[in-house]
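First comes the structure, then the notes that go with it.
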């Protein structure tokens, strides 16, 4: 729920570089260096709650996804409770 504070996903530097190669073909970015594009993408990823890591182990990522799943379920419950409380106040 708070992308800057909590991590909702992970990508590797290799994936980020591949994205940067594609983005470098965009007209607004074609004159920027790959380093500048990568830096921009890292900042955007952080803002969105995506962590950029050097390597990503499948087991470690699986554990992260399971943990994330439980966090999302908890957040959904809290949102539902807030909605119900709001409905009671307005009814």
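In the numbering used here, the protein residues as written are -15 to 75. Just so you know, even glycine gets a beta-carbon here, dropped at the ideal spot from N, CA and C.
As assigned by DSSP and simplified to three states, the class of residue i
i, result
"residue 74", "helix"
"residue 9", "coil"
"residue 17", "coil"
"residue -14", "coil"
"residue 39", "coil"
Residues bridged to residue i [DSSP beta-bridge criterion]
i, result
"residue -7", "34"
Residue from the options with nearest C-alpha to residue i
i, options, result
"residue 44", "30, -10, 57, -5", "-5"
"residue 47", "62, -7, 30", "-7"
"residue 76", "10, 3, 42, 11", "Residue numbering for the chain in the displayed model covers -15 to 75; residue 76 lies beyond these limits and cannot be assessed."
"residue 18", "65, 67, 5, -14", "5"
Residue i and residue j closer than 8 angstroms at C-beta
i, j, result
"residue 84", "residue 21", "Nothing can be reported for residue 84, as the shown portion of the chain is limited to -15 through 75."
"residue 31", "residue -12", "yes"
"residue 105", "residue -3", "In the structure as shown, the chain starts at -15 and stops at 75, and residue 105 therefore has no counterpart that could be examined."
>> For the structure I just gave you, are there three or more beta carbon pairs, one from the region 26 to 38 and one from the region 49 to 59, closer than 8 angstroms?
In response: no
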